[in-house]
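Trainee:
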Amino acid sequence: MIFTSLAHAGSNDLSAARFAKALEFLSRPDLADLEPGRHDIMGDEVFANVQELTTVPAGEKNYEAHRRYADIHYVISGTELLGVAPIEECAPVGEFSESDDFGLYTPGAREAWATLVPGDLVVTPPCDAHKPGCCPGEPAPLKKICVKVLVD
Numbered sequence: 143m144i145f146t147s148l149a150h151a152g153s154n155d156l157s158a159a160r161f162a163k164a165l166e167f168l169s170r171p172d173l174a175d176l177e178p179g180r181h182d183i184m185g186d187e188v189f190a191n192v193q194e195l196t197t198v199p200a201g202e203k204n205y206e207a208h209r210r211y212a213d214i215h216y217v218i219s220g221t222e223l224l225g226v227a228p229i230e231e232c233a234p235v236g237e238f239s240e241s242d243d244f245g246l247y248t249p250g251a252r253e254a255w256a257t258l259v260p261g262d263l264v265v266t267p268p269c270d271a272h273k274p275g276c277c278p279g280e281p282a283p284l285k286k287i288c289v290k291v292l293v294d
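For the sequence shown, position 18 matches number 160 in our numbering, and the numbering has no gaps at all.
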């Protein structure tokens, strides 16, 4: 699932070499055995952050967005509710950190939600703010990978 407008669709080419490397990494049979933390795939162009966390109710989080990287959210175990909203309709919460490529936002009038189970993925390019790590019911353990793909 890519949630985007036609104006931004051309910049979401999943066949690009960086995306291909990311999807190749996610096809590894040992994903469940990976330790939390950063795993390099193509240096700073493509890398994976393995995360183990407890999901939280969606109302307890802000949206986040990036300008240089697309995120590929992939669930290894557990269930994740992930929100997506058009970045141009969101309001910033504080300053955007260029060095961390990270900013927090509140959504506008439109939000879309996806429920991910093991093996599912959602791609959030820079034109999409996203709210990962939410629970569809009660908070529960989640192991996921967020592959960061440089798009600029």
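Ideal Cβ positions, reconstructed from N, Cα and C, are used throughout, including at glycine. The model shown is predicted, which means the values in this text are computed figures rather than measured ones.
What are the residues that DSSP puts in a beta bridge with residue 176?
Mentor: Within the sequence shown, the letter at position 34 stands for residue 176. Paired residues: none, contrary to the question.
Trainee: As a quick exercise: from 200, 201, 180, pick the residue whose alpha carbon is nearest that of residue 192.
Mentor: In the sequence shown, residue 192 corresponds to position 50, counting from 1. For the residues 200, 201, 180, the minimum Cα distance to residue 192 belongs to 180.
Trainee: Which term fits residue 213, buried or exposed, when burial requires 16 or more other beta carbons within 10 angstroms of its beta carbon?
Mentor: What you label residue 213 is simply residue 71 of the sequence shown in a count that begins at 1. Burial call: buried.
Trainee: For a minimum of 3 consecutive residues, which ranges assigned as the beta strand (DSSP E) are wholly contained in the region 220–251?
Mentor: The qualifying runs are 222–228, 233–239, 244–248.
Trainee: Are there three or more Cβ pairs, one per stretch, closer than 8 Å when the region 224–235 is compared with the region 243–261?
Mentor: Yes: at least three Cβ pairs fall under 8 Å.
Trainee: Rounded to whole angstroms, what's the CA-CA distance from residue 165 to residue 264? Just pull it up for me.
Mentor: As a position in the sequence shown, residue 165 is number 23, starting the count at 1. As a position in the sequence shown, residue 264 is number 122, starting the count at 1. Cα to Cα, the separation comes out at about 12 Å.
Trainee: Which term fits residue 244, buried or exposed, when burial requires 16 or more other beta carbons within 10 angstroms of its beta carbon?
Mentor: By 1-based counting over the sequence shown, the position of residue 244 is 102. By the neighbour-count rule (16 or more Cβ atoms within 10 Å), residue 244 is not buried but exposed.
Trainee: Since I believe residue 287 is in contact with residue 218 (beta carbons under 8 Å), could you give me their beta-carbon distance rounded to a whole number of angstroms?
Mentor: For the purposes of this step, residue 218 is identified with residue 76 of the sequence shown, where counting begins at 1. For the purposes of this step, residue 287 is identified with residue 145 of the sequence shown, where counting begins at 1. So it is a contact: roughly 7 Å between Cβ atoms.
Trainee: Please report the Cβ distance between residue 269 and residue 197, rounded to the nearest whole angstrom; I am assuming they are in contact, meaning their Cβ atoms lie under 8 Å.
Mentor: As a working mapping, residue 269 is identified with position 127 in the sequence shown. As a working mapping, residue 197 is identified with position 55 in the sequence shown. That belief does not hold up - the Cβ atoms of residue 269 and residue 197 are roughly 25 Å apart, past 8 Å.
Trainee: Check the C-beta distance from residue 170 over to residue 291 and give it rounded, since I have them as a contact under 8 Å.
Mentor: As a first step, residue 170 must be located in the sequence shown, where it is residue number 28. As a first step, residue 291 must be located in the sequence shown, where it is residue number 149. Wrong, their Cβ atoms sit about 16 Å apart, outside the cutoff.
Trainee: What's the call for residue 185, buried or exposed, on a 16-neighbour Cβ count within 10 Å?
Mentor: Residue 185 sits at position 43 when you count from the first residue of the sequence shown. When all chains shown are included, residue 185 counts as exposed.
Trainee: Please classify residue 222 as buried or exposed, where buried requires at least 16 neighbouring CB atoms within 10 angstroms.
Mentor: Walking along the sequence shown from the start, residue 222 turns up at place 80. Buried, because 16 or more other Cβ atoms sit within 10 Å of the Cβ of residue 222.
Trainee: Using the three-state DSSP reduction, which class does residue 285 fall into: helix, strand or coil?
Mentor: Here the question's residue 285 lines up with position 143 in the sequence shown. Three-state result, residue 285: strand.
Trainee: Between the C-alpha atoms of residue 253 and residue 229, what's the straight-line distance to the nearest angstrom?
Mentor: Indexing the sequence shown from 1 puts residue 253 at position 111. Indexing the sequence shown from 1 puts residue 229 at position 87. Their Cα atoms are separated by approximately 10 Å.
Trainee: Can you check which of these residues, 204, 201, 285, is closest to residue 262 by C-alpha distance?
Mentor: As a first step, residue 262 must be located in the sequence shown, where it is residue number 120. When each option's Cα is compared against that of residue 262, the closest is 285.
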